[in-house]
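What follows is a short report on a single structure.
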Amino acid sequence: MSGHILVVGSINMDLVVRTERHPKPGETVLGTQFQTFPGGKGANQAVAAARSGGKVKMIGRVGSDPFGETLRKGLQENRVDTTCVLTTPGASSGVALITLDAQGQNTIVVASGANALLSPQDLRDFAPVFEGASILLLQLEIPLETVARAIALAKLYGVKVILNPAPAQPLPPNLLAQVDYLIPNQYELALATGIQVVSLAADALHGLGTPAVIVTLGGNGAFVSTPEKKVHVQGHTVPVVDTVAAGDAFVGAFAVALAEGKDLLEAVEWGNAAGAITVMRPGAQPSLPLREEITAFLQNDRRK
Ligand code: RIB
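Counting the sequence shown from 1 gives a position; this note's numbering is that position plus 466.
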């Protein structure tokens, strides 16, 4: 595959508070540290792909506020082409309120802001950007009809589609059928398909026409399913500081590996390595690894 990786998705500012433990409903707990990081599943995956060595273009929306400018600059500093990132007058940029507990586990609430205004019409204006792409990367922090239109444009131009169905939601079978690589976690897979058992859900997706399902399992690696075989790719044991964006790191690095012609399992190894490096560092985009870090991590693979 040659050509750029196109990301159509969300761009958020992450407002992160560290706390010993997450509060229960109705409870107030005191946090220990507050930080802001550029985030958003779409933007994180764009940066992850660019740092992994991909040529990346992004379509999205930011607000006409100071966060919007900071987020755009952050993408540009990471060599993501932002020509198709629109500034939305009168809208706030997407914001994610994140709490991180002592184990690095997170809870996230997103106020979509400008992301919710990325419309199918916006994509029609950017159709030429789909033409030269090899892979389209999608998530679910923008309207579903925009995701559907992006898939339709990708099909028109022969672009492979990767969907990371996060945040979790039920998805129409005709949309799932057009995805080439579905990358959910277990919860997202169950909600997307309505089927609880991972291998049964994967088989149902293959029946619809989805050729590859890669279920991310955190530190336990990934379960890879195609109509021909099912494989568990082992994870890495690393010290966890912050799990935010680990899934995004996986998706971005996986996409680059595929675009470079690596086979499915090699691409999953790349994704696993990128995710493992990411959880060892704080923040969303600042934690995403460079290509050299992924290759060095795989060379020193302690599982062998
Ligand atoms: O996947 C992590 C991301 O989810 C965060 O950066 C946050 O912005 C939310 O979109």
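Don't be surprised by glycine CBs; every beta carbon is placed ideally from N, CA and C.
Do residue i and residue j have their CB atoms nearer than 8 Å?
i	j	result
Ile574	Leu603	no
Leu657	Ala634	yes
Leu606	Pro631	yes
Ser476	Gly526	yes
Asn640	Ile608	no
Thr553	Leu584	no
Ser600	Lys626	yes
Trp736	Ala719	yes
Gly508	Met479	no
Leu754	Asn510	yes
Any heavy atom of the ligand RIB closer than 7 Å to the Cβ of residue i?
i	result
Lys490	no
Val576	yes
Asp669	no
Glu486	no
Ala515	no
Val710	yes
Gly718	no
Glu726	no
Glu607	yes
Ala721	no
Ser559	no
Ala593	no
Asp729	no
Asn640	no
Asp714	yes
Ala562	yes
Ala580	no
Asn478	yes
Gly505	yes
Ala750	yes
What residue from the options has the CA that sits closest to residue i's CA?
i	options	result
Met524	Gly560, Gly534 and Asp547	Asp547
Thr502	Ala515, Val483 and Thr494	Val483
Ala557	Asn738, Gly529 and Leu584	Gly529
Leu764	Ala593, Glu543 and Gln700	Gln700
Leu472	Ala568, Phe596 and Leu622	Phe596
Thr565	Ala750, Asn766 and Thr761	Ala750
Val734	Leu666, Phe716 and Gly534	Phe716
Ala618	Gly598, Pro586, Ser600 and Thr554	Pro586
Ala568	Leu496, Ser753 and Leu481	Leu496
Asp588	Ala616, Gly598 and Asp767	Ala616
Phe500	Ala614, Glu486, Phe533 and Leu481	Leu481
Asp474	Gly673, Asp767 and Arg590	Residue 474 is actually Val in this sequence, not Asp. That would be Arg590, whose Cα lies nearest to the Cα of Val474.
Residues in its own chain within less than 6 Å of residue i by CB, not counting five upstream and five downstream?
i	result
Val576	Ala562
Phe592	Ile525 and Cys550
Asn544	Val513 and Ala516
Lys521	His470
Gly579	Gly529, Ala557, Ser558, Ser559 and Gly560
Ala668	Val679 and Ser691
Tyr647	Ile628 and Ala678
Leu724	Ala733
In its own chain, which residues sit with a C-beta less than 7 Å from the C-beta of residue i, not counting the 5 before and 5 after it?
i	result
Arg538	Val528, Thr548 and Val551
Gly519	Val722 and Arg757
Asn686	Gly701
Val664	Gln652, Leu655, Val681 and Phe689
Pro748	Val707 and Asp708
Gly675	Ala643
Val772	Because residue 772 is not part of the residues shown, which for the chain are 467 to 770, the question remains open.
Leu671	Leu642, Leu648, Thr659 and Val679
Val697	Val690 and Leu731
Gln542	Thr548
Thr759	It is Glu, not Thr, that sits at residue 759 in the sequence shown. Excluding sequence neighbours, Glu759 sits near Ile743.
Leu666	none
Ignore the nearest five residues each way along the sequence and tell me which others in residue i's own chain have a CB closer than 8 Å to its CB.
i	result
Gly660	Pro636
Thr570	The question names Thr, but residue 570 is Gly in the sequence shown. Excluding residues within five positions, the ones whose Cβ falls inside 8 Å are Val706, Val707, Asp708, Thr709 and Val745.
Specify whether the region 726-733 and the region 707-714 touch according to this definition: at least 3 beta carbon pairs, one from each stretch, less than 8 Å apart. No, the region 726-733 does not touch the region 707-714.
Segment contact flag, the region 734-743 with the region 476-496, C-beta cutoff 8 Å, min 3 pairs: The region 734-743 is not in contact with the region 476-496.
Are the region 640-655 and the region 677-688 in contact at 8 Å, needing three or more beta carbon pairs? Verdict: yes, contact present.
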